[in-house]
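Visitor: Here it is: the structure, laid out below.
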Amino acid sequence: MTAPVERGKTVRILLVDDHPVVRDGLTEAINREAGLAVCAVAEDRHEALEAAEKAKPDLAVIDLLLKSSSGLELIKDLHARWPRLLILVVSMQDEVLYAERVLRAGARGYITKQQATRNILAAIRRVLDGGVYLTDKMASSVLSRLARNPEAIPDSIADLLSDRELQVFELTGIGLSTRAIAERLHVDLRTVETYRGRIREKLKLEDSSALLQLAIRWNKER
0 MTAPVERGKT
10 VRILLVDDHP
20 VVRDGLTEAI
30 NREAGLAVCA
40 VAEDRHEALE
50 AAEKAKPDLA
60 VIDLLLKSSS
70 GLELIKDLHA
80 RWPRLLILVV
90 SMQDEVLYAE
100 RVLRAGARGY
110 ITKQQATRNI
120 LAAIRRVLDG
130 GVYLTDKMAS
140 SVLSRLARNP
150 EAIPDSIADL
160 LSDRELQVFE
170 LTGIGLSTRA
180 IAERLHVDLR
190 TVETYRGRIR
200 EKLKLEDSSA
210 LLQLAIRWNK
220 ER
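Here you go:
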């Protein structure tokens, strides 16, 4: 378990989000808080790794959907290079789908952007004190699942798919076109089609129509 940050020091925070308005809003909220200071900002994986190397933050606050990269892959990179760096995810993505994944990748908490305005400072403080920040409902679910045998056969669609495949599947289910998904994930059209092909193979679906129908139903039933 990562140790809490030493009390009494100013905590240096790296913000990683590809929306300037979001970065500015979070920066303002954090810098108003005693003992917290944003030391660097970044909009993608490359900038974030450079900033972490130069600024030596104590905590990284990361979105999952970044410009030209995946926040989940960035979390894994940061955790591998700087295992003592605390990581908190602030994202539009569904907590039910991604909270467990970000914890497994090395993050210490997950807060949605809808909650961030009123809860971001509480989430930061919880993580800095050595705890994990999740909603009560999600915490109970994650602890239950993490207590199971990690080698157990996957029992849900979310378990069968990789991080990127799950994102494509979810976005397909809310009706986004291939082009819209490519723009949202900052990848090209062929990459989205490759992910969809892998999803169909893993879920044993005959064609794109079957994939779309299942994705829509899955989104409604969650």
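Just so we're aligned: the sequence shown equals residues 0 to 221 in this note's numbering. Here a beta-carbon is modelled for each residue, glycine too, at the ideal position from N, C-alpha and C.
Taking one C-beta from the segment 118 to 129 and one from the segment 156 to 168 each time, how about it: are there three or more such pairs within less than 8 Å?
Guide: no
Visitor: So, with DSSP's three-state summary, where would you put Thr-111?
Guide: strand
Visitor: How would you call Leu-188, buried or exposed, if buried means at least 16 neighbouring beta carbons within 10 angstroms?
Guide: So Leu-188 counts as exposed.
Visitor: In whole angstroms, what separates the C-alpha of Leu-202 from that of Asp-162?
Guide: 15 Å
Visitor: Tell me which residues share the same chain as Leu-204 and place their Cβ nearer than 8 Å to its Cβ, disregarding the 5 neighbours each side in the sequence.
Guide: Ile-198, Leu-210, Leu-213
Visitor: Could I get the ranges of all uninterrupted beta strand (DSSP E) runs contained in the segment 18 to 47, with 3 residues as the minimum, in chain order?
Guide: Complete beta strand (DSSP E) runs here, min 3: 35 to 41.
Visitor: Give me whichever residues DSSP pairs with Leu-64 in a beta bridge.
Guide: Ser-69
Visitor: What is the residue span of the beta strand (DSSP E) that Ile-86 lies within?
Guide: 85 to 90
Visitor: Measuring straight from C-alpha to C-alpha, what distance separates Glu-32 and Thr-9?
Guide: 10 Å
Visitor: Let's test the definition: count the other Cβ atoms within 10 Å of the Cβ of Gln-113 and tell me whether it reaches 16, buried, or not, exposed.
Guide: exposed
Visitor: So the beta strand (DSSP E) Val-131 belongs to, where does it begin and stop?
Guide: Looking at the DSSP string, Val-131 is not in any beta strand (DSSP E), and its letter there is neither H nor E.
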